[in-house]
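Everything on this sheet refers to the single structure shown next.
Residue numbers (this note's numbering): 131 to 1125.
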């Protein structure tokens, strides 16, 4: 009979001991099998100390029920009287549901936790081999493995071992397991065992002596024939043994699996033979191996089979590992590897990824391994396969700051402990932090976080991840600054040679110059030097992420020299998180943007303003330009002011384009290339129109005051009229005037001609700002005709003499500056020419096709690759634009949507009208956008216009980065360009030539 109030008292006591379901726990304790211990306070205290008291009690009850009555009594008596057993067993049961399941199936295995000898505290491979000695088949091997794992987990959850020691024990157990599995395989095939010497080389975390609870065990197999055996037969025998070993460990049996054995790190990966001879391995690594393969070999360690052969393998490949940093493609490979591989992580999981997410375990491991490869060639103390040991050695040698190393060590241990506890729960391979409250609570308590466990866990996890995210780049660069400016007294400094090696590894082509720049920027005791020392480690990382780190660092030094004494500049970079990264991207992406910035460095403020990268609209620009012109005393000063605005806005446009193309840590790169092209085209066109308007105002005012004797308008044609200007484009225009009432036509013509000449002169004056070239060659009669005509003269010419190519050129005519009524009248005049009623006749169509064919044969520069020329090459701009323009002239009279000066708009209209299929329109649009992007990229990178890809390797790589291709993918870029434009050419030939 239950005493009144007893249930309430038990419920409260269980709640106080950390049970989340006290009612269920009370029912379990009332079971007959628990009668002898249910009221013992020692048991409740021990359960309350576990990560999950509810789970621990459930598993304990299952374990007790699995025993026969006499054995159960002895087990429970031991549990109550032996504190070491109680703490270890309940600690495991509260942390691991999977090991609780194992004990329920094999109840006598609790005896593995009963011994508490000093030798039991830190077992080695030999101890684990003894623990597995009775295993004769895959099932018994799994049972023995779990029994050993039980002891490792017990030491881990009770704090007897730290996370690094637990990881080392797991690696030792894996070593013993591989040896036992190989023994079983040999016993099953004695003839194969006699025919070969087989060595098992552990790689990855097993090789590095830092294994997880559940992880693939990475291996490489090496074999040699025994005396009298042919090599081919020996390799076949070794392959059978190796395959059997893998199955023994990996296959699922009634006792589950141990872990997958993964041999994909071998030469040629899964496509290569499973087993090779030592000489075959060495030949592959000498000739074919990639940088990541040498990085993997950092952790190679012989663990099973013929250990003498295994040692011979590691001795043969070690020199190759430490020479990897001298390989030709090392820098490009490093740049590729430095990009965190998060693309394959589902977006919903990236914030929960302990291993691959930002600030995850991989960041620490990669940083350490890269520094080992760079500096280990001249310092043997760095030759460790264990991450924490290598980090300690890097700090001792001055390759990483001691404080940074200590913070990384602490963060890495915490994150690995989280990973261990997450995997231990169900013995499943995962790196995701759980989402459920109960799982987070168990995880937090298993790490010793008992006060508000979930909140504390999330805070600590985010803090450590933030430390890793901040330091994983900084540790590459901070010691470089220490090498040139003694920042931390007593800190071991990088030697000049080591600093140079590191800079080379990070992509700097001229390490000596880079060191001089760093010394100039970071030395001294000024506030400027102090702030720059804080910024430089991060900036150097961003520079190294570009195709030209040297240019980025040099540009930063120049900007800093120009603005370093300006308080707002340093404050901007220090306090505006995006400003420093934006500046780094802009300075290292090519020549154009830095040149524009260095002509007026104060424009760097644009990079820190959240709205700074948005293009200014036409009205805003024209208002600013005309106001500046109005304040100037002379026409030269007026246009200088207008060109100054143009330079600043070109920089704004280029910076927005670069940052949108590269992306930043906060904002990913723009994925729609068409959006980037349209933004550049619109911004530069609006800017050019405002600049022309300012030049027109200045030219008129300087000679005629406020009113010109004739009405005057500037009509944009070509890319200017199409709103498709690039960074290096001229402004194609037509000039039209109309004498005012009572003004003599000759006087009006002289005035109009004088304005045109003055505008062109002013816009091309040699100054620090880039010139704006005005091109009027598309006017009637071309270069032979007058620069400016009256509206009536245009009308008379077009009625009598106009050729079909002139009507085609007028498709892009659009008012840009001057008298709007006159400009509108001009557009009204030319509409019937460019959109002829009933379309073009057959002769006109043939003439356009003849012109296009002649242009292709005559205008392509000699020696140019027709598959890579963006303007005149196969499937390039000309092909797409002539196709679109022919459709406009044939159908614009009846399809309103085709009456646009913009190529992409006209393509959409042609598809909407059924003149192009969706696929054909998409193909032409993709080619046009890509060719335009290439032209923009070439101008940004080289600082001068070009219609084909650069021949210089570094410039070509920079164009590739602008287009979204990572290091080492220049070939992919060229292949993609050829593929896209080849398809566009096919569409063009069908749509333009009716082929």
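By construction, the Cβ of each residue, glycine as well, lies at the ideal position given by its N, Cα and C atoms.
- Answer with buried or exposed for residue 301, where buried requires no fewer than 16 other C-beta atoms within 10 angstroms of its C-beta. buried
- Item | Assigned exposure category for residue 737 - 16 Cβ within 10 Å defines buried | buried
- Message: Classify residue 604: buried if its beta carbon has 16 or more other beta carbons within 10 angstroms, exposed otherwise.
- Response: buried
- Item | CA nearest to the CA of residue 883, picked from 864, 757, 896 | 864
- Residues near residue 488 in its chain [Cβ-Cβ closer than 6 angstroms; skip 5 each side]: 599
- Taking only the alpha-carbon atoms, compute the straight-line gap between residue 178 and residue 267 and give it to the nearest angstrom. 39 angstroms
- From the DSSP output, in three-state form, read off residue 567 for me. helix
- Item | 8 angstroms contact criterion, which residue 602 and residue 494 should meet: CB distance rounded | 6 angstroms
- Leaving out the 5 sequence neighbours to the left and right, which residues in its chain are closer than 7 angstroms to residue 436 when beta-carbon positions are compared? 327, 328, 329
- Query: Which runs of the alpha helix (DSSP H) spanning at least 4 residues fall entirely within the segment 432–462, listed in chain order?
  - Reply: 437–452
- Task: Determine the extent of the beta strand (DSSP E) in which residue 326 is found, giving its start and end residues.
- Result: 326–332
- Message: What would DSSP say about residue 867, mapped onto helix, strand or coil?
- Response: strand
- By Cβ distance below 8 angstroms, which residues in the same chain neighbour residue 895 in space, the five residues on each side in sequence not counted? 766, 769, 770, 901
- Cβ pair residue 145, residue 180 closer than 9 angstroms: no
- With burial defined as no fewer than 16 other Cβ atoms inside 10 Å of the residue's Cβ, what is the status of residue 698: buried or exposed? exposed
- Query: Where residue 1001 and residue 1059 are concerned, what is the direct C-alpha to C-alpha distance, given to the nearest angstrom?
  - Reply: 12 angstroms
- Query: By the 10 Å Cβ neighbour count, where 16 or more other Cβ atoms means buried, how is residue 516 classified, buried or exposed?
  - Reply: buried
- Identify whether residue 237 lies in helix, strand or coil by the three-state DSSP scheme. helix
- With a 10 Å radius around its C-beta and 16 neighbouring C-beta atoms as the bar for buried, classify residue 342 as buried or exposed. buried
- Quick one: measure Cβ to Cβ for residue 995 and residue 1078, integer angstroms, because I've assumed they're closer than 8 angstroms. 7 angstroms
- Could you tell me the boundaries of the alpha helix (DSSP H) in which residue 344 lies? Looking at the DSSP string, residue 344 is not in any alpha helix (DSSP H), and its letter there is neither H nor E.
- Item | As assigned by DSSP and simplified to three states, the class of residue 626 | helix
- Message: Assuming residue 164 is part of the beta strand (DSSP E), what are its boundary residues?
- Response: Per DSSP, residue 164 belongs to no beta strand (DSSP E) and is neither H nor E.
- Under a three-way DSSP split, which group does residue 562 fall into? strand
- On a CA-only basis, which of 1114, 692, 925 is nearest residue 732? Give me that one, please. 692
- residue 655, DSSP secondary structure in three states: coil
- Message: Quick check on DSSP: helix, strand or coil for residue 406?
- Response: strand
- Query: Quick one: what's got a C-beta closer than 7 angstroms to residue 201's C-beta in the same chain, skipping five residues either side?
  - Reply: none
- Coarse secondary structure for residue 398, derived from DSSP in three states: coil
- Item | Every unbroken alpha helix (DSSP H) inside the segment 169–226 [4 residues or more] | 171–178, 183–195, 199–211, 213–225
- Task: Identify which residue in 366, 304, 355, 413 has its Cα closest to the Cα of residue 391.
- Result: 304
- Own chain partners of residue 1029 with C-beta closer than 7 angstroms, once the 5 adjacent residues on each side are dropped: 965, 1022
- Integer Cβ distance of residue 1003 from residue 1114, believed to fall under 8 angstroms: 10 angstroms between Cβ atoms; not a contact.
- Task: May I have the straight-line CA-CA distance separating residue 702 from residue 780, to the nearest angstrom?
- Result: 21 angstroms
- How long is the line joining the alpha carbons of residue 592 and residue 566, rounded to whole angstroms? 17 angstroms
- What is the rounded straight-line gap between the Cα of residue 182 and the Cα of residue 283? 15 angstroms
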